[in-house]
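Visitor: For the sequence shown, numbering that gives the first Met the number 0 gives the first residue as 0, with consecutive numbering after it. All C-beta atoms in this analysis are idealised placements derived from N, C-alpha and C, irrespective of residue type, glycine included. For clarity, every value in this text was computed on a predicted model and none was experimentally measured. The structure that follows is given in the form of C-alpha cells.
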Amino acid sequence: MRFFENGPNIPDVLLERRDQGQVVFLCGAGVSLPSGLPTFAKLTEYVVDFFDPPKGSELHTAFMPWRDEKFEGLRMPLDQIFQLLHQEYGRDQVNALVAERLAQVNNVGSDEHKHELIKKLSTDPEGNVQIVTTNFDRLFELNEAELPIYEPPGFPDVEFGVSLRGITYLHGRLNSPEDTYHPYVLSSADFGRAYLAEGWATNFILKLLKHYTVVLVGYQAEDPQVKYLLQGLNHDGKFDRDKIFAFDRGRHEDIETKWRDRGISAIAYNDHDDLWSSISAWSERARSPRAWRAAIIELAQRSPRELLAHERGQVAHVIKSTAGAKAFADSDASPEWLCVFDAAFRTMAVKTDFMDDEIFDPYQVYRLDDDPPRQEDTFRRQLTHEHLLSWRPNDGVNSSGHGICNSSIFVQPRLWHLLRWIIKNINNPITAWWALRQGILHPVLRQEIMRELWRVKALHPKAITVWNILLDYAEHKHYLNKENASYIFHDRVKNEGWHPGTLRFLRLHLAPYVEIRSPSGIEAVRPPVGDWESIPFSDLATWETHFPLLDQQDIAVPDENLMQVMEVLQSHIHSAVELCAELGIHYFYRVPTCYSNRAPNRIDDIHTSFEFYLRLFTKLAEVDPHKAKGLSASWAMDDSLYFYKLRLFSLNQASVYEGEEVLDFVLNMAQEDFWGGEGQRELLYLLRDRWKDFSDEGQRQLADRILNGPDKPDYQTDEEYSVKEKRDSYRLAWWLELSGVKLPATAKDKLESLRFEFPELDASWARSMADLNEFTTYRVASDESTQAIANKPASEVIEFAESVSEREFGSRVQLRPFTGLAKENPRKALASLLFNARNDKYPVQYWSVLLDEWCVDVGQVRLWRTLLLRLERLPAEAICSFSYSIGRWMEKHLTTAFSIDSELTWRIFDTIVLSLASDSGDATKSGLGDVYHGGHAIVRSRRTYSHAINSPVGSMAVALLNVLNTSDLQVVDGIPDELKTRLENLVKLPGEGGDHAMVILTRHLGYLDALDSLWVKEFLLGRFEFDSSCCEPAWNGLLSSGELPDGNLGYSLKPKFLGLFPRIYQWHLDEGLRRVACQMIVEFTLLPGLTPLRFSPAETRGCLRAMRDEERQSVIFYLSLLGQRDNARWQSVVIPFIKNVWPRESKFRTSNLISAWVSLLAESGDAFPDLLKEMKWLIVPAQIERDWLDDFQRARYGKRSLSTRFPKEVMALCNVLIQTTNAVPYSLRNVLEQVQAAAPELANHHEFGRLVDLLDSL
C-alpha cells in the first residue's frame, strides 16, 4: 500500500504486524543524515582527513577510491580502514574524534526529526518505543527522559520474554568527546568481536528476528553494518523474507536482488522526501489505526473512478483485514468498488462506444497502484492481479477456491462482511451489473439475495426482476448443463415412455430460462451510472429467452398423451412470454413462425418448445379436431406473440375450421390486428391457403377490406396517410396475386391503377411481405450504376451525384453513381471535375473518388496527360485537402505516370511536395488517430510504420521506391540523383511527413544499401545516431522490418544496436517493437561462425544489463519460443545462452524474471532436466504467481505431465521456489501426488516431507 502516489509500496503484512506491535525498526546512518550527521563513508573521510596520513601510505592508498565517486573497482571495506586507523593512531584517539564529530548535531526542532517519526512507528502493543540502532548518536533519546537504554553487550533477552522497550544501541552509544572511554563498533576487529568471537550482536539479532518483524531504514545493502548484521542469515536462500524488510532508494527491480541475497525483502522508493513523507503518514496511521481506517472508509464513499490508483490501493488494503472489511461493509460505499475488488473486472479489455467514439479502459479507471501491467500479448504468461473477493492467506481456513463468486460452501469472516455489503447494495444497478457477469455465485450469496428479496419491500421492480432471473439462471447452471437435461429427457422418453416422472422432468428441467451474456460495446466494461429508471435492461446484460429442449423432431408422442404433453409445453410458452415481458424484450432476434417449413434454409433452434407444441397441435387437429378447436378457441389474439400466431395457424387447419368460419373471423379482426399484428405472416398464408374456401361474396368483401387499407393513425398527415394506405393495400393485394390467388375483377382493376401510380415498386417488394421479420446482419451495398448519370452533361454530374448521395434510413443500398462513372468513363468524370475547377471548386469527395478509382490503361496517353496537367495546376489548398488520396494515387500510379512523361511527373511530384511543405502540418498527418482516455490522448509514438503507411508522405515515399524498383538498376549504377533528391525532400517535410518518409526508407534499408551503399552511409546511417532528431523514426522503420542487417551495413549499425538499450525507452514505442529489438539482439548473438557482426557474449550481456525487466522477460520468452519451434535448439541455443550469455549478477534474478524462467521450463518438454540443471543458479526463492505449477501437472503435446515424467526434478524445483506458506502454489498437492505415484521412493525424502508440511500448515 502507498500513502502517496510516489511513495514506497509498503507490504500489507508489514502494516498489519506493526499494528500488532510486532515490528522493530533497525536504524542506520541515513536516519540521522537530515540532522547533519555523516554517513559511515563520510565519517571515515572526516577521521582520515583529520589524521592526514602520508601520501603513499597503506591507509592513504586504501581510502583513495572512496574519494572518487565514479570509481567502479573494488574498495577496501570501511571497517577495515578503521582497523588501519586504530593500528596507526590508537583506538581511543580515533574513537574520541568520532565522538567529537557525531556530537555536532543541527539544532532542529524535535517534531521535525526523522527519529520522532520512527519512535511513533517502532512500538509495542502498548505504544512503548522499541528501537534498535547501529548509530552511536543519541537523537532517539530527545524528549525521552525515562526511556530504557541498552548498550553492548547488555541487551534484553527477548527469548525469555524480556521487554524490548527502549533504545538498543547495537554498536555502542555516543559518549561525551571529553570522556576517555569510547567503546564503539567501528573497525573490523570490533565487528569480529561483536558478531563472531563473542557473538553478542549476532545472538541478539537472531532472537530478534525469531520474535519480531524487523525493518531496516537508513542503510544500503553494501554497508558494513548490513554485511555483519545479516551474515549467514540467508546462507541457503530459504530464510523467510517476510520477517525482515529494508527501505532503499531506486527502482524495485534494481534493489530487489541486492537485498534478496541477504534474505531481506526490499521496499523501493524514488526520493528520500517520498520515503519520509510516507513514514510520516504511516506514523499518523500508527497513532490510531482505527481513526486512519475510518478516514479511508470515508474516502471510499467517493466513486473509485474519482480517486488515484494509490488511493484505491488504500481502500483495498483496508478490506484485506476482517475489521476493515466490516467497517467498509457498515459504510455507504458505492457498489462500484466491486469493479476494483474484482481482478477480472479491472483488467478487462478496452471497449469503445462506436456511436460517440467514447473509450472506456477499466484498467486505467479501476486499477490498483501495485497492479502489474495488463498483458495484451497472449504469448506472455499472465501476471497475477490480486482478487480481493477470494480467499487470502490471512483469512484463516485456506482454500484457493473460496470466494464470493464460486460454489464453495464456507465463507470466511472477511468475505462474509463483503458479502453483507453486496447484499446491502442489492437495490443498486451496479451490483446487479457485476453479479450478472459472474459465472457462478456463492451458495451463501444466492441464499442471502433470496432472503433480501423476501425481506425488503422498497426494492425497485427492475431490481426484483433482475435478481429473480439471475437466481433462476444460477440455479440452472448449478443443476446441470441444459443440453444434458435435453439428452436425459430423450433417454427417459425412450426408456420410460410418457410416465408421470418423465412429464415432471419435462416441466421442471426443460422450462424456458433467460440466457445472460455480457452486452456488446462499452456497456460490457463500464458499470451503469444512474438509477433503475434511467438504465435499460440492455445496458446490464444481453438477455435471450431460451427453450432448452433439443431435437424435438425425434420425439414421438402417442395420441393418448398429446394433451398431457401439450399442457406442459403450453405452460413453458406462457413462462417464456412472462420472462420477455419482465425484461421488456418485445422482439426476438429470430421470431417464432408457424411456417418454418416455408422459410428456405431456416432451422429454428430457438423456439424449440413452440415448434414441438405446434407439431403436436397439428397432430391433434388430425386425430381429434373437436379438441383442437376447443383448444384454439382458448387462445386470445392479445395473449402473446406465440398464441396470436397459433390462433391464425389453427384457422388454417381445414379439419378444424370451415371456410366460412375463417372468413367470419378474418372480416371481424380489428384493424390494428389485420394490418399491424405480430402474426402478419400467418395471416398471409391463412388468406392464401383458405381463399378458395371462401364464397364469391366473401372474397369480394375481403378484397374490399384489403384495398381500403388501414385506418389513419393520429400522427400522420392526410397526405402521408394517402400514400401509406395505398402502398399497404397495393403490397398485400399484389402478394396474394403473386401467390396464385384469383382476385375479383374490381380488385384487379384497382391493383392495375396502383401499379401505374407506383412504378418504382417491383415484385420483390411485394414478395418480401411474407419474409420473416428478424434481426439480421447485413452490409450496405454500393450501387455504382451510372444509368442515371451517364447521359447528363459534365457540367451537371457533380451536382446530381451530390443530390443522390444520402442514403435513406433502413436502405441497404448506397447510391454512388460518380464512383461508377470514375470506373466506366474516367474521361467524363475528370471532365466534370475540370468544369468545377474553372470556378475554383475542388470537391474533395469526388477528387478523392477519381484518384482512388483511377485505372486508365497506359495506352490512353491523352487522358493520362490531361489528368497529369490538371494535377500540376492544382492549388496548394486543394492538394492539402485531399492529400491522402493523392498519396495513394502516387503509390499505385507514379510508375505509370513516369513512363508516360517523366519530366511532367517530376514537376507534379515537386508541386505536391511544395504544397505540403507550405501547410501547417495537418496535411501530412497520418490517418491513424490517437487513443483517448478520459478526454486525454494516451501518449504513444506517431513516428511508426503503421502511421507512415496511412499517411500521404509515407505513400509518396513508397511510390518513389516503386519507381526505383522498376528502373532495372544494377548495383554499380547507384540510385539516380533525381530520386535521391526527392527522397531527401520528403524527409525534410514539416510535421509528421518527414518522420513517415524516414520510416519507409529505413524499413527498406537493406534494399537501398544494396543499390547505393554510399548514399545510405551519407544520408541515412547518421539518422540512427541517438543525438539525431530522426533517430526515433529511423529505428522504428528498421525494427518494423524485422530484418537483421547484414554485411557492411550490419557492421556499421552494430555499435548503434549495442547502445539501443536503454535509449529506446526515451521513445513511446509499442511493446511489440521493443520486443523485436530484443529478438534482434538474440539473433545477432546466434549468428554462425566468426562473423564480425556476431555479438559476443559480453556484448549481449551488456545489452541485457541495460534493458528493463520487461524486455529481459521478452528475451526469455523468445528463447522459449526458439526451443518450442525446434526441440533441438533447447540444447544447441537455449542452454548455451543461459550458460555463456545471461548476466550472473543477483540483480538479474528478480521475481518477474524467475517467473519467466519457470514458464520457459514448463515448455521445455524432454529438455527439462538438462535445463533445470543448467539454471540452478538462476532459480532462487521468490514470490511469483501462485498458478506457476499448473503447467507441470498437465499432460501436454501428447506426452505425460512433467511431474510424472521427471518427478525428482520437479520436486527439486518446488523445493527451491516454495519456502513459506505464502509461496505455496495452488497445484502443489496435485503435483506431489503425481510425484509420489511416479517415484514412490521420493515420498521418504526430507524435501517431499517439507512440502507436505507446508501444505498441512495452511
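Could you check where the beta strand (DSSP E) with D247 kicks off and where it finishes?
Guide: Your numbering for residue 247 matches position 248 in the sequence shown. Start and end: I243 to R248.
Visitor: Based on the DSSP secondary-structure assignment, which residues constitute the bridge partners of T351?
Guide: As a working mapping, residue 351 is identified with position 352 in the sequence shown. Answer by DSSP bridge pairing, in chain order: I358.
Visitor: What is the DSSP secondary structure of E57, reduced to helix, strand or coil?
Guide: As a working note, residue 57 is residue 58 in the sequence shown. Here E57 sits in helix by DSSP.
Visitor: Are three or more beta carbon pairs between the region 148-161 and the region 302-313 nearer than 8 angstroms?
Guide: These segments do not touch.
Visitor: Does the structure place the region 456-473 close enough to the region 493-500 that three or more beta carbon pairs sit under 8 angstroms?
Guide: The region 493-500, when compared against the region 456-473, does not touch it at the 8 angstroms Cβ threshold.
Visitor: Taking 7 angstroms as the cut-off, decide whether the C-beta atoms of T541 and R525 are in contact.
Guide: Translated into positions along the sequence shown, residue 541 becomes position 542. Translated into positions along the sequence shown, residue 525 becomes position 526. For T541 and R525, no; Cβs fall outside 7 angstroms.
Visitor: Look up Q1218 in the DSSP assignment and say whether it is helix, strand or coil.
Guide: Position 1219 of the sequence shown, counting from 1, holds the residue named residue 1218. Note: Q1218 maps to coil in three-state DSSP.
Visitor: Within its chain, find whatever has a CB closer than 6 angstroms to the CB of R1093; leave out the 5 residues flanking it on each side and keep chain order.
Guide: Indexing the sequence shown from 1 puts residue 1093 at position 1094. Within the same chain, R1093 has close Cβ partners L1086.
Visitor: In the DSSP assignment, find the alpha helix (DSSP H) that holds W1129 and state where it starts and stops.
Guide: In the sequence shown, the residue the question calls residue 1129 occupies position 1130. No alpha helix (DSSP H) holds W1129; DSSP gives it neither H nor E.
Visitor: Looking at L1152: is its Cβ nearer than 7 angstroms to the Cβ of L1160?
Guide: Numbered from 1 along the sequence shown, position 1153 holds the residue referred to as residue 1152. Numbered from 1 along the sequence shown, position 1161 holds the residue referred to as residue 1160. In this structure, L1160 does not lie closer than 7 angstroms to L1152 by Cβ.
Visitor: If we ignore side chains and look at the alpha-carbon of each, how far apart do W258 and V213 end up?
Guide: If you number the sequence shown from 1, residue 258 lands on position 259. If you number the sequence shown from 1, residue 213 lands on position 214. W258 and V213: Cα-Cα distance of roughly 14 angstroms.
Visitor: Keeping to the same chain, check which residues put their C-beta closer than 7 angstroms to that of V46; ignore five residues upstream and five downstream.
Guide: The residue labelled residue 46 in the question sits at position 47 within the sequence shown. Here the set comprises L84, V93, L96 and V97.
Visitor: Check whether the region 1181-1199 and the region 1133-1153 are in contact - that is, three or more C-beta pairs closer than 8 angstroms.
Guide: Yes, the region 1181-1199 touches the region 1133-1153.
Visitor: Identify every residue that forms a DSSP beta bridge with H545.
Guide: Position 546 of the sequence shown, counted from the first residue, corresponds to residue 545. According to DSSP, H545 bridges with Y512.
Visitor: Looking at C-alpha atoms only, which residue of S721, K747 and E718 is the closest neighbour of A732?
Guide: One-based indexing of the sequence shown puts residue 732 at position 733. Residue K747 is the option with its Cα nearest to A732.
Visitor: Taking 7 angstroms as the threshold (C-beta atoms), are P527 and P428 in contact?
Guide: What you label residue 428 is simply residue 429 of the sequence shown in a count that begins at 1. What you label residue 527 is simply residue 528 of the sequence shown in a count that begins at 1. Yes, the Cβ-Cβ distance between P428 and P527 is below 7 angstroms.
Visitor: Which value, in whole angstroms, describes the spacing of the CA atoms of L903 and W888?
Guide: Along the sequence shown, read from residue 1 onward, the residue named residue 903 stands at position 904. Along the sequence shown, read from residue 1 onward, the residue named residue 888 stands at position 889. For L903 and W888, the distance between alpha carbons rounds to 16 angstroms.
Visitor: With a CB to CB cut of under 6 angstroms and the five nearest residues on each side skipped, what residues in its chain are close to L229?
Guide: The count along the sequence shown starts at 1 and reaches residue 229 at position 230. Within the same chain, L229 has close Cβ partners R261.
Visitor: From what residue to what residue does the alpha helix (DSSP H) around C1030 run?
Guide: Stepping through the sequence shown from its first residue, residue 1030 is reached at position 1031. Counting along the chain, the alpha helix (DSSP H) containing C1030 begins and ends at C1030 to S1040.
Visitor: For a minimum of 4 consecutive residues, which ranges assigned as the alpha helix (DSSP H) are wholly contained in the region 1154-1182?
Guide: Whole alpha helix (DSSP H) segments, 4+ residues: 1167-1173.
Visitor: To test your reading of the DSSP string, which unbroken beta strand (DSSP E) runs of 3 or more residues are found completely within the region 243-293?
Guide: The qualifying runs are 243-248 and 264-268.
Visitor: Is S595 near A620, with beta carbons less than 7 angstroms apart?
Guide: As a first step, residue 595 is located in the sequence shown; it is residue number 596 there, counting from the start. As a first step, residue 620 is located in the sequence shown; it is residue number 621 there, counting from the start. No. Outside cutoff.
Visitor: Given 8 angstroms as the limit, is there contact between the region 558-575 and the region 325-345, that is, 3 or more CB pairs closer than that?
Guide: No, because fewer than three Cβ pairs between the region 558-575 and the region 325-345 fall closer than 8 angstroms, the two stretches do not touch.
Visitor: Under a three-way DSSP split, which group does T1099 fall into?
Guide: What you label residue 1099 is simply residue 1100 of the sequence shown in a count that begins at 1. Three-state result, T1099: helix.
Visitor: Going by DSSP in three states, T785 sits in which element: helix, strand or coil?
Guide: As a first step, residue 785 must be located in the sequence shown, where it is residue number 786. Correct three-state label for T785: coil.
Visitor: Would you mind working out which of E696, P547, I425 and I439 sits nearest L474, comparing C-alpha positions?
Guide: Walking along the sequence shown from the start, residue 474 turns up at place 475. It is worth fixing the name first, because residue 474 is Glu in this sequence and not Leu. Of the candidates E696, P547, I425 and I439, the one whose C-alpha sits nearest the C-alpha of E474 is I439.
Visitor: Give the range of the alpha helix (DSSP H) segment to which I130 is assigned.
Guide: Taking the first residue of the sequence shown as 1, we reach residue 130 at position 131. Looking at the DSSP string, I130 is not in any alpha helix (DSSP H); the run it does join, the beta strand (DSSP E), is Q129 to T132.
Visitor: Closest to E1031 by C-alpha separation, out of I948, G1049, L1257 and S940, would be which residue?
Guide: Position 1032 of the sequence shown, counted from the first residue, corresponds to residue 1031. Per the Cα distances, S940.
Visitor: Ordered along the chain, which non-local residues of its own chain (more than five positions away) have a Cβ less than 6 angstroms from that of P288?
Guide: If you number the sequence shown from 1, residue 288 lands on position 289. Only D18 meet the Cβ criterion.
Visitor: What would DSSP say about Y149, mapped onto helix, strand or coil?
Guide: Numbered from its first residue, the sequence shown carries residue 149 at position 150. Note: Y149 maps to strand in three-state DSSP.
Visitor: For I907, list the residues DSSP reports as bridge partners.
Guide: Walking along the sequence shown from the start, residue 907 turns up at place 908. Bridge partners of I907: none, in fact.
Visitor: Helix, strand or coil: how does DSSP classify I166 here?
Guide: Taking the first residue of the sequence shown as position 1, residue 166 is located at position 167. Three-state DSSP puts I166 in a strand.
Visitor: Which one of S1200, L1257 and P1224 has the shortest CA to CA distance from A1236?
Guide: The residue labelled residue 1236 in the question sits at position 1237 within the sequence shown. Closest option to A1236, Cα to Cα, is S1200.
Visitor: Please say whether D1011 and G1036 have beta carbons closer to each other than 7 angstroms?
Guide: Translated into the one-based positions of the sequence shown, residue 1036 becomes position 1037. Translated into the one-based positions of the sequence shown, residue 1011 becomes position 1012. The answer is no: Cβ separation not under 7 angstroms.
Visitor: Under a Cβ-count criterion, where at least 16 other Cβ atoms within 10 Å of its own Cβ denotes burial, should G6 be classed as buried or exposed?
Guide: As a working note, residue 6 is residue 7 in the sequence shown. That one is buried.
Visitor: If you follow the alpha helix (DSSP H) that L25 is in, where does it begin and where does it stop?
Guide: On the sequence shown, position 26 is the one that residue 25 refers to. From DSSP, L25 is part of no alpha helix (DSSP H) but of the beta strand (DSSP E) over V22 to C26.
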